[in-house]
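In mature numbering (1 follows the signal peptide of the UniProt record, and there is no 0), the protein residues as written are -22 to -1, 1 to 263.
Idealized CB from N, CA, C, for every residue including glycine.
Here the structure is a predicted model, which means the values were calculated and not measured.
Below: one structure, written as structure tokens.
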């Protein structure tokens, strides 16, 4: 990964935030790891302002993405604050962030878990190879996931939500080894979080940046791993760039992921604790 991106990712931890005192956060935490590329982190409502020659977010927040005092997010400084769109404002600082599936997901499950916590960890334009164990993004992701639990005094990981792969559709080699890398990533993440059968809900790509979209989608749909559940984003409406989901599509995706999660046996149990959604999102440049 570019050293400048590393620098920015480290510097983001110095940004200010509204901290929620740890004593106000329930100790029984259910942690959801939400990982992926730009479409997971959110580009809904992002467009090019041709007059100013910049990319901006339209600021439209659907009802399904509304803030809620019981939905928090872990800031770049590892402090809790009330979650608001865009969730990655202090994380993917080189990009313009908009609506993603995290808030609609959280709003659907918050009544079941009492409190929900979102932990964004994304950097734009990265490939799956950059998320292998030992690479900066992987290690930083594990660190923030563990910090989310520690910051709240304990808890348990409940699921991984994963949507990534657009960048891997460009190169034939990346596409051909995507399945092996994906299986390794899931296996390593489960191992490092000490949860060998951690449920994983991944999204099959809606679109890609290159000609090998079908190869990556095939790998996503056929991981062969136990307790990996796939949601297909193909057919969801896209922004004019033809790469990113629209705001309404992001809302729909969040709901689809909730449906997949609740279909897992025992996942719909009512918890009295604080749920944390850890967002590991790879953005497409």
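Check, Outcome
"Under 8 Å between C-beta atoms of residue 110 and residue 162", "yes"
"Ordered list of beta strand (DSSP E) runs contained in the stretch 69 to 143, each at least 3 residues", "93 to 98, 134 to 141"
"Boundaries of the beta strand (DSSP E) in which residue 26 is found, first to last residue", "24 to 27"
"Reference residue 14, options 32, 79, 189, closest by Cα", "79"
"Per DSSP, cross-strand counterpart(s) of residue 42", "Paired residues: none, contrary to the question."
"The alpha helix (DSSP H) enclosing residue 146, as first and last residue numbers", "Neither: residue 146 is in no alpha helix (DSSP H) and is coded neither H nor E."
"Nearest to residue 85 (by Cα), restricted to the options 115, 46, 54", "46"
"Three-state secondary structure assigned by DSSP to residue -1", "Only weak support is given to the placement of residue -1: the predicted model assigns it a pLDDT of 47, under 50, and the value that follows is read from those uncertain coordinates. Three-state result, residue -1: helix."
"DSSP bridge partner residues for residue 210 (one or two, in chain order)", "182"
"With 16 other Cβ atoms within 10 Å as the buried cut-off, status of residue 21", "buried"
"Own chain partners of residue 207 with C-beta closer than 6 Å, once the 5 adjacent residues on each side are dropped", "179, 238"
"Of the residues 182, 165, 19, the one placed nearest residue 174, counting alpha carbons only", "165"
"Reduced DSSP category for residue 21 - H, G, I as helix; E, B as strand; rest coil", "coil"
"Cβ-based neighbour list, residue 146, same chain, cut-off 7 Å, excluding 5 preceding and 5 following", "105, 106, 152, 153, 156, 194"
"N-terminal and C-terminal residue of the beta strand (DSSP E) that residue 50 is part of", "49 to 52"
"Reference residue 70; option with closest CA among 108, 100, 89", "100"
"Beta-carbon proximity of residue 9 to residue 118, cut-off 8 Å", "no"
"Inter-stretch contact at 8 Å, needing at least 3 Cβ pairs: the stretch 59 to 74 / the stretch 204 to 221", "no"
"Residue 228, buried or exposed, once every other Cβ within 10 Å from all chains shown has been counted against 16", "buried"
"Opposing strand residues paired with residue 236 [DSSP bridges]", "DSSP, once it has assigned bridges, lists no residue as partnering residue 236."
"DSSP-derived helix/strand/coil call for residue 171", "coil"
"C-alpha distance - residue 243 paired with residue 97, whole-angstrom precision", "25 Å"
"Residue environment, residue 73, which counts as buried when at least 16 other CB atoms sit within 10 Å", "buried"
"Beta-carbon proximity check, residue 88 vs residue 49, cutoff 8 Å", "yes"
"Contacts around residue 26, its chain only, beta-carbon distance under 6 Å, and the 5 residues preceding and following it disregarded", "33"
"Span of the beta strand (DSSP E) around residue 155", "That residue, residue 155, is in no beta strand (DSSP E); it is neither H nor E in DSSP."
"C-alpha distance - residue 196 paired with residue 56, whole-angstrom precision", "36 Å"
"Classification of residue 150 by the beta-carbon crowding that lies within 10 angstroms, buried from 16 upward", "exposed"
"First through last residue of the alpha helix (DSSP H) which encompasses residue 192", "191 to 199"
"When 210, 17, 230 are compared against residue 103, the one with the closest alpha-carbon", "17"
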